[in-house]
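Chains as they are written, first to last, in our numbering: chain D, 192 to 739; chain L, 9 to 223; chain U, -19 to 313; chain C, 57 to 231.
Working notes, beginning with the structure itself.
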Amino acid sequence: MSDNSHTDAHNEPDYLRASTGIKSWLFSVDHKRIGVMYLIATTLFMMLGGLMALGIRLELFTASGDLIDADTYNRLFTLHGSVMVFLVIIPAAPAVIGNFVLPLMLGAKDVAFPRLNLASFHIYMIGAIFLIASMILGSFDTGWTFYTPYSSTTNGPVAWALTGVFILGFSSILTGLNFIVTIHKMRAPGMTWFRMPLLLWSLYATSAVQLLATPVLAITVLLLFLERLVGIGIFDPSLGGDPILFQHFFWFYSHPAVYIMILPAFGIISELVSVHSQRKIFGYKGIALSSISIAIVGSLVWGHHMFTSGQSIYANLVFSFLTFFVAIPTAIKVFSWVATLYRGNIQITPPMMYVFTFMALFMIGGLTGVTLGALSLDVHLHDTYFVVAHFHYVMMGGGILAYIAGLHHWWPKIFGRMYPQKLARITSITVFLSFNLTFFPMFIVGSRGMPRRYYEYVESFTWLNQLATVGAFFLGTSLFVTLGYLIWGAIRGPAADNNPWGALSLEWHTSSPPIEHNFHGQPTVDAGPYDYPEESSGTDSSSQWVPA
Amino acid sequence: MSEDSVERPAWVEPFFHSADQQRSAASLGMWLFLGQEILFFSGLFMAYIAYRWMYPDTWLAGADLLNKQLGALNTVVLLTSSLTMALAVRATELGEISKVIRHLWATIGLGVVFLVIKSVEYSHKIHEGMLPGFHFSSDGLENNGGLFFGIYFALTGLHALHVIIGLGLMGWLIARCKKGLVNEERYVLAENIGLYWHLVDLVWIFLFPMLYLVR
Amino acid sequence: MFDARFWLPESINSMAEGTDQFFMVLIWVSVISLLVVLGPMIWMMFRYRASQDIDRSAPPSHHLGLEIVWTVIPTAILIGVFFWGATGYTKMVVPPTDAMEIRATGQKWFWTFDYPEEGIRVRASLEADEERVKNGIPPGLVVPVDTPIKIVGSSADVIHSFYVPAFRVKKDVLPNRYTVATFQATKEGTYDLFCAEYCGTKHSKMITKVSVVSQEAFAEFISKQSEESDKPIDGATVFNTSGCAGCHAVVASSGGIGPTLHGLWGKTETLVDETTVVADENYIRESIVNPMEKIVRGYSPMMPNYSGQLSEDELNALVLYIRDLSPEKEGAE
Amino acid sequence: MEILLNILVLFGLLSVGLCFIVLLPTVGQVIMAVFATVFTEKAVSNFRGVESGTVQRKASVPVDTPKPEGHVVTPVWVYVVTYLVLLVLTGVTVGVSELGMVQRKAIIAAVIVASMKAGLVIAWFMHVKDGPRMHRLILVTSTFFVLIFVTLTMADLSTRTWGLEEQNLPTIAPS
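Structure follows, in structure tokens:
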């Protein structure tokens, strides 16, 4: 780190330099350090998951399976699914962006239970070790969904993976609990519920979903563990158990889990759209309440994963009817974001470029979701590559790209240095193009009938899969370039001032990188987070914070 | 208004403004944890309801094999322990630490009695061969009796585990009382452990009629 | 790009003919709403970018009328999509009472189709189809054209899924109960039948065909199959059609997922728990019906069990066939 | 449209479940009030206090030793009476099942009495009655999620043959 130390007016060292040594990092209760540690961990696991994805795409380059044998392929896609879902996308946005930014935005010194925050990071690492141990022990081949009776009868280290997932669930619950109590109890004086930035609303909804859905995953994984270990017969068909009941248990968690993945992304996008167009967000109440309604309605709809799995016709109708209600709050959010651009002073900065790519990709993902929700089409499209393309568009195009946009937005605040912006703009375009090259052919090959999780496929799908494989490698390289210049920026980039994007919310009113306990004295709030004066030139506008 | 006007007792964390804020944050956190525990047990109650709907006759036959008297006794034991726990929490709010310790020992005693009765029931069942899943070999139940006992052992086993965790917490609370860290100002920890114990009792209140009194 | 043939294979199933138009309408609705959202976004991105000096006065922070409109319209569209999907679904899923019933049993990596009225059982897998095509029988599931068919499916081990893209039909088959899939083919031909629910190592190999044939060809197929069934069963065809060939090699090579069967008869095999056993008739019979009992060292316990899948005489024919694989034991009983 | 009818029935079920849950703490409180009047005349004055049941931590209940921050410490007898009522209700549950009512009815009655007991424990032992509203909200939301989980899963399990009645599908008996 360059020597021009980033001490601010009271020349206190910032949190990066407050104390050095690996122990001071691993056992620090400072929410900013825990956020950076989560950042490093999730980035490593994302690279691991990404490599597996490239392995899968390489295998699918040719119609007949010749690179690796069927069993290894099955284990590869199972691990790609599990690592990406449990280790990358569920913790990434809430833990990295949430941990770092939430207390700063609230004007608090730290989260409500800092030791609990550190404990949930260590629990996350232990859970990750279990999952990676199951990978080393020859990995399991049940698919990340662990459907019984296959998962309870197959051999392989499924038990290790189940313990890993069980432990990771607790890390997610404890983070959710911490955030809810912090938002309730530690807001800056004057910050009423409707003066909070929208990222906090979506993090609040995410934590509520984490708290109310993850325990059901814990009990499901526990029952499956007992099923394999002792054979208590709950999901064992020969004893009268019903595999569909397992699917109900699993998807009651996993559908709200996809809202855990996407809700922070919505929060980040609402934040970025308003800051980078220097304009008050359009329909603040609409967006805030739609986050909460997504959290509630989101747990009513899990049956749309099981339309063709032997679920009764009545339940299919009920779940399909409810699924269409989940799409409405999302639509409100998207329309409000576009309306925010009207009469704004839009800065085409890298975060804003990623926002535009997010809007395009997430819209495609969302609309194909509506297609999959319609019953008569889902019978044909379920468990095909159409579904694979849909959830990659929504989770990778939506969740991960918004997370990357958030990283670009708060990078100067986290490390006090700016990344090369021109290169960032170019990579955001290559990410967008290579993403479409990878996943759009999957829509076509899926609707033509290529089932999911296939090691070999019928000849007629070959050229589409080859297109997807080429796209996958472009996407991989452009993401590596993004990682490269972000790291370079963090270490050698030019020093960034406290408020590079001219934002108003509280985290931009402390030095970047912020001092150990965030603020000198307690900031009080007298205005909303997006009250940009009309003719603002975008820099020193009236701030949400009344200096102490 | 930058510095905190009210002087803060030593034990309040630096990032809280007042003791009251820390107390309300701690109890809100505990209530969120209870909300999550309710959902944790909801999975098992869901399995119970699902399989009761599918195999009503197995459930009737299974319930007959369970020992109702011991179940009822256990309910009374747990209710009494809930009472003594509530009195212990009340005593901490009044600051009478000696009364707190007495009540806590009473609650721990009742918890241990509950576990003893539970182990008597379990040994009787294991002896009779009423084990979950395939190992089910007792007579009087057609083939999927193992399913009923699978859920029975899962539910009561998980509940017993939570009772054991509760006993550990109370032991820790007694240790802190002896060290004088608990007084009428710092009663939140006792209140939280009380809430946890009442939740354990709550789960048993629903578990007892569903499993034992299925008639 | 915008006609149904680009997206979907040709639809043969008369019970599900509404789905193609529905799919194309939804494609159009998606494209339009994409333009409705991204169009203004890109237009505003250029018009209001920082360097432009343009009227930016009084940006509206909320506009109740607009917000109500863009909540009500998507709700209306979505409820319309639901009802179209739901009505199409109920027509497509409930089989007519006079439908011809065929029992489909999915098992680890092949299908077995029973025709209850005609009393014949047909095994369908990649190897079995090659056998049948060789001697002129239509491969896979043979179905008469223009007659409603009711597939009553169940599984012998894990969850599989009966998926025929050309018929727009997909239904998981479960081990603990029967599920129903129904279609009515309108055009003769052979169409792919995939397993769509992940079921293990050779999930992608569990492919067979659905041959839609004319009424006469179907009657001829039935008669040929029924007189086929009272012919003495030849062990080789049982070996090839019931999936053994997929994992066990019959020539003296060491490849394959399961142990090689060439020269197995009378050989002493060392098992996983280091005990040894002589490969005689009841060891082979037991390893077919209950493979998990004695697993040969170096092989993972992956063989599905065939108890209930093979009739008694098929089992005898199979054991005799395996015995004949060992040349020097030609005469041994 | 018969589909619509069924969906409305489902929503009716969910909303009835929700108001039952919201009433849970108040159910405990009402029972407390009834028993309070029956047993002790002194309780009659508290009955009016208890009846008001306003949420703020007002000293509506007689206070043994006032606390500095006006923190209300509930008297011992409230706990003891709640405990006795709980014992009585346990007896009622056992009684209900011993009566050998027709099998379906017994479980519903038993669950109702169990939730009354739960209401009591929540309201008095866990101080939800005079605690902050947030605690009651958490309790209601998590129970509502449990209710959704149970109702929608049973919507699938209990209607397996809906629409397929005349197919007379054979059933596979668990082996």
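Glycine included, C-beta positions come from ideal geometry on N, C-alpha and C.
Proximity to residue i [Cα-Cα], best of the options
{"i": "U:T127", "options": "U:T162, U:A104 and U:V153", "result": "U:T162"}
{"i": "U:D293", "options": "U:I57, U:S184, U:S13 and U:V218", "result": "U:V218"}
{"i": "U:A146", "options": "D:R639, D:P685 and D:S210", "result": "D:R639"}
{"i": "C:T217", "options": "U:A136, U:V144 and U:R157", "result": "U:R157"}
{"i": "C:T215", "options": "D:I213, D:V412, D:V400 and D:N507", "result": "D:N507"}
{"i": "C:I194", "options": "L:G37, L:A27 and L:D28", "result": "L:G37"}
{"i": "U:G278", "options": "U:L251, U:T255, U:N270 and U:E266", "result": "U:L251"}
{"i": "D:R248", "options": "D:Y576, D:T383 and D:A324", "result": "D:Y576"}
{"i": "D:D722", "options": "D:T629, D:G680, D:V466 and D:P632", "result": "D:V466"}
{"i": "U:I12", "options": "U:A38, U:A176 and U:F(-18)", "result": "U:F(-18)"}
Other residues of its chain near residue i: CB distance less than 8 Å, five sequence neighbours each side excluded
{"i": "U:Y178", "result": "none"}
{"i": "U:L305", "result": "V230, L241, H242, G243, L244 and W245"}
Spatial neighbours of residue i in its chain, beta-carbon cut-off 6 Å, leaving aside the 5 residues before and after
{"i": "D:T618", "result": "S669, V672 and T673"}
{"i": "U:F90", "result": "S105 and G223"}
{"i": "U:R303", "result": "W245"}
Collapsed DSSP secondary structure at residue i in the structure displayed
{"i": "D:R683", "result": "helix"}
{"i": "L:D28", "result": "helix"}
{"i": "D:A718", "result": "coil"}
{"i": "U:V9", "result": "helix"}
{"i": "U:V74", "result": "coil"}
{"i": "D:K471", "result": "coil"}
{"i": "U:Q87", "result": "strand"}
{"i": "U:H140", "result": "strand"}
{"i": "D:N709", "result": "strand"}
{"i": "D:E418", "result": "helix"}
{"i": "D:P305", "result": "helix"}
{"i": "U:R29", "result": "strand"}
{"i": "U:I275", "result": "coil"}
{"i": "C:T215", "result": "coil"}
Close beta carbons around residue i, own chain, < 7 Å, minus the five adjacent residues each side
{"i": "L:I201", "result": "L177, M178 and L181"}
{"i": "D:L270", "result": "M243, M326 and S330"}
{"i": "D:L394", "result": "P285, G289, L293, F370, P455 and G458"}
{"i": "D:I317", "result": "I358"}
{"i": "D:P388", "result": "M296, E462, S696 and P720"}
Chain C contact for residue i (CB, 7 Å cutoff)
{"i": "L:R46", "result": "The identity of residue 46 of chain L in the sequence shown is Ile, whereas the question assumes Arg. Cβ-Cβ to chain C under 7 Å: yes for L:I46."}
{"i": "L:W39", "result": "yes"}
{"i": "D:F443", "result": "yes"}
{"i": "L:T224", "result": "Given a span of 9 to 223 for chain L in the structure shown, any question on residue 224 of chain L remains unanswerable."}
{"i": "L:P140", "result": "no"}
7 Å Cβ cutoff, residue i in contact with chain L
{"i": "C:L140", "result": "no"}
{"i": "C:A179", "result": "no"}
{"i": "C:V129", "result": "yes"}
Chain U contact for residue i (CB, 7 Å cutoff)
{"i": "D:T562", "result": "yes"}
{"i": "D:A261", "result": "yes"}
{"i": "D:D782", "result": "In this structure chain D extends from 192 to 739, so residue 782 of chain D is not present and cannot be described."}
{"i": "D:S500", "result": "yes"}
Cβ-heavy atom distance, residue i to the ligand MG, below 6 Å
{"i": "D:V292", "result": "You won't find the ligand MG in this model; it holds no ligand whatsoever."}
Members of the segment 22 to 35 of chain L that neighbour chain D once the beta carbon cut-off is set at 9 Å:
P22, F23, F24, H25, Q29, Q30, S32, A33 and A34
At a Cβ cut of 8 Å, what residues of the segment 193 to 205 of chain C count as close to chain L, listed as they run along the chain?
I194, L195, T197, S198, T199, F201, V202 and F205
Could you please tell me which residues of the segment 206 to 219 of chain C, in chain order, have their CB closer than 9 Å to any CB of chain D?
L208, T209, A211, D212, L213, S214, T215, R216, T217, W218 and G219
Residues, ordered as in the chain, of the segment 159 to 190 of chain U that lie near chain D by beta-carbon distance below 8 Å
T159, D172, F174, C175, A176, E177, Y178, C179, G180, T181, K182, H183, S184, K185 and I187
Between the segment 408 to 422 of chain D and chain L, which residues of the former have CB atoms less than 7 Å from a CB of the latter, in chain order?
A409, I410, T411, L414, L417, V421 and G422
Interface positions of the segment 51 to 76 of chain L facing chain D (Cβ-Cβ less than 9 Å), listed along the chain
G51, L52, M54, A55, A58, Y59, M62, Y63 and T66
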